[in-house]
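In the working numbering, the protein residues as written are 89 to 356.
These notes are about the structure you will find just below.
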Ligand code: T3D
């Protein structure tokens, strides 16, 4: 395992496991964590041996959002421009996660708060430990939910529930988050990492380009009307239909064996 200070990076087979590593602060973001997470995501993106990414947190929390000790009015000499820090750090991070052409699985191992929720929900498949909870405590510190949460949360769970979470800051448990459609699945705490790794490993062996297009198609659907989405699917399917992965998938079906997309990648 290659260890940096605030993010751990481990390549396990074709899965890059990225662990936010400021457990004493519930993995709250400071500038180092932002920088090292960017670096780790770039590394996983550039490594052709990596087919999927798994993001989790060290210790008892997943991520408590912005490190508020770096925002202490008693020590700051002037106000921090929070719009600028969103532009510099958080917005590019959630954009990167959603645009990555490798699937990203998130294992929410404990509390996710503030921008920590946005980061989790920017991943493609979110599993959470039963003991994890999701909260938007911005209302408790006089801020508005950010890093895409006012866009993605109402789309996932509807306006009434999104407003309930954002206007009260109340925690939402993992099982309820799953039943509301905020996340994919809640699993027993002890099983979380195995389940999340199994999911990432499965995706890492999938038809990478088709999975990347699938992710983009679903993400773009809410900005499209039906005709636009049909056109997008047509264009993507045209591209997928020319791929070695498709040839391998059909061949495997007809030969009654599991598809081996690594083989089609080697042949490409
Ligand atoms: O600023 C910008 O650039 C704009 C962007 C903003 C994005 C944001 O995310 S703003 C929202 C920031 N986050 C929060 O408001 C959450 C603050 N934390 C909490 O409300 C609670 O800690 C939790 C509900 C997340 C967890 O509660 P609990 O009781 O399980 O743990 P705890 O005891 O509160 O926290 C454990 C330790 O982590 C504690 O340190 P200590 O006392 O043991 O030395 C606590 O201070 C520290 N910690 C938790 N969250 C943060 C934090 N330290 C700094 N910043 C945090 N966000």
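Quick reminder that beta carbons are idealized off the backbone N, C-alpha and C, glycines included.
Note that the structure is predicted; figures quoted are calculated from it, not measured.
Of the listed residues the options, nearest to residue i (C-alpha basis)
| i | options | result |
| --- | --- | --- |
| residue 307 | 197, 172, 209 and 109 | 209 |
| residue 219 | 330, 160, 113 and 148 | 148 |
| residue 102 | 109, 335 and 139 | 139 |
| residue 183 | 211, 166, 128 and 105 | 211 |
| residue 190 | 178, 137, 235 and 114 | 137 |
| residue 94 | 277, 145 and 131 | 145 |
| residue 228 | 314, 254, 178 and 262 | 254 |
| residue 234 | 178, 199 and 130 | 178 |
| residue 252 | 187, 277 and 226 | 226 |
| residue 239 | 316, 310, 349 and 330 | 310 |
| residue 333 | 162, 130 and 299 | 299 |
| residue 185 | 125, 264, 317 and 200 | 125 |
| residue 158 | 119, 258, 143 and 248 | 119 |
| residue 302 | 260, 346 and 322 | 322 |
Collapsed DSSP secondary structure at residue i in the structure displayed
| i | result |
| --- | --- |
| residue 271 | coil |
| residue 204 | helix |
| residue 194 | strand |
| residue 405 | No information on residue 405 is available, as it lies outside the stretch 89 to 356 that the chain covers here. |
| residue 238 | helix |
| residue 232 | coil |
| residue 217 | strand |
| residue 173 | helix |
| residue 252 | helix |
| residue 142 | strand |
| residue 90 | Note that residue 90 scores a pLDDT of 48, beneath 50, so its modelled location is shaky; the value from the coordinates is reported in the next line. Residue state, collapsed to three classes: strand. |
| residue 387 | Residue 387 falls outside the range modelled here, since the chain spans only 89 to 356, and no answer is possible. |
| residue 209 | helix |
| residue 168 | coil |
| residue 261 | strand |
| residue 116 | coil |
| residue 342 | helix |
Cβ-based burial, residue i [other Cβ within 10 Å; buried from 16]
| i | result |
| --- | --- |
| residue 176 | exposed |
| residue 232 | exposed |
| residue 154 | buried |
| residue 312 | exposed |
| residue 160 | exposed |
| residue 357 | The shown model of the chain, from 89 to 356, leaves out residue 357, and the question about it has no answer. |
| residue 202 | buried |
| residue 165 | exposed |
| residue 204 | buried |
| residue 338 | exposed |
| residue 319 | exposed |
| residue 336 | buried |
| residue 89 | Because the pLDDT at residue 89 is just 49, under 50, the model does not fix this residue reliably, and the value given afterwards should be weighed accordingly. Exposed, since its Cβ has fewer than 16 Cβ neighbours within 10 Å. |
Cβ separation of residue i and residue j, assumed to be a contact under 8 Å, to the nearest whole Å
| i | j | result |
| --- | --- | --- |
| residue 223 | residue 237 | Rounded, the Cβ-Cβ distance is 11 Å, inconsistent with contact. |
| residue 128 | residue 152 | With a Cβ gap of about 19 Å, residue 128 and residue 152 do not count as contacting. |
| residue 110 | residue 96 | 11 Å between Cβ atoms; not a contact. |
| residue 133 | residue 181 | At roughly 13 Å, the Cβ-Cβ gap does not stay under 8 Å, so residue 133 and residue 181 are not in contact. |
| residue 108 | residue 288 | That belief does not hold up - the Cβ atoms of residue 108 and residue 288 are roughly 16 Å apart, past 8 Å. |
Three or more C-beta pairs below 8 Å linking the region 185 to 204 and the region 278 to 293: yes
Indicate whether the contact test is met: 3 or more Cβ pairs, each with one atom in the region 236 to 253 and one in the region 266 to 276, closer than 8 Å. yes
Please determine if the region 161 to 174 and the region 211 to 229 are in contact, where contact requires at least 3 C-beta pairs separated by less than 8 Å. no
Take every Cβ of the region 95 to 111, pair it with every Cβ of the region 290 to 301, and state whether three or more of those distances are shorter than 8 Å. yes
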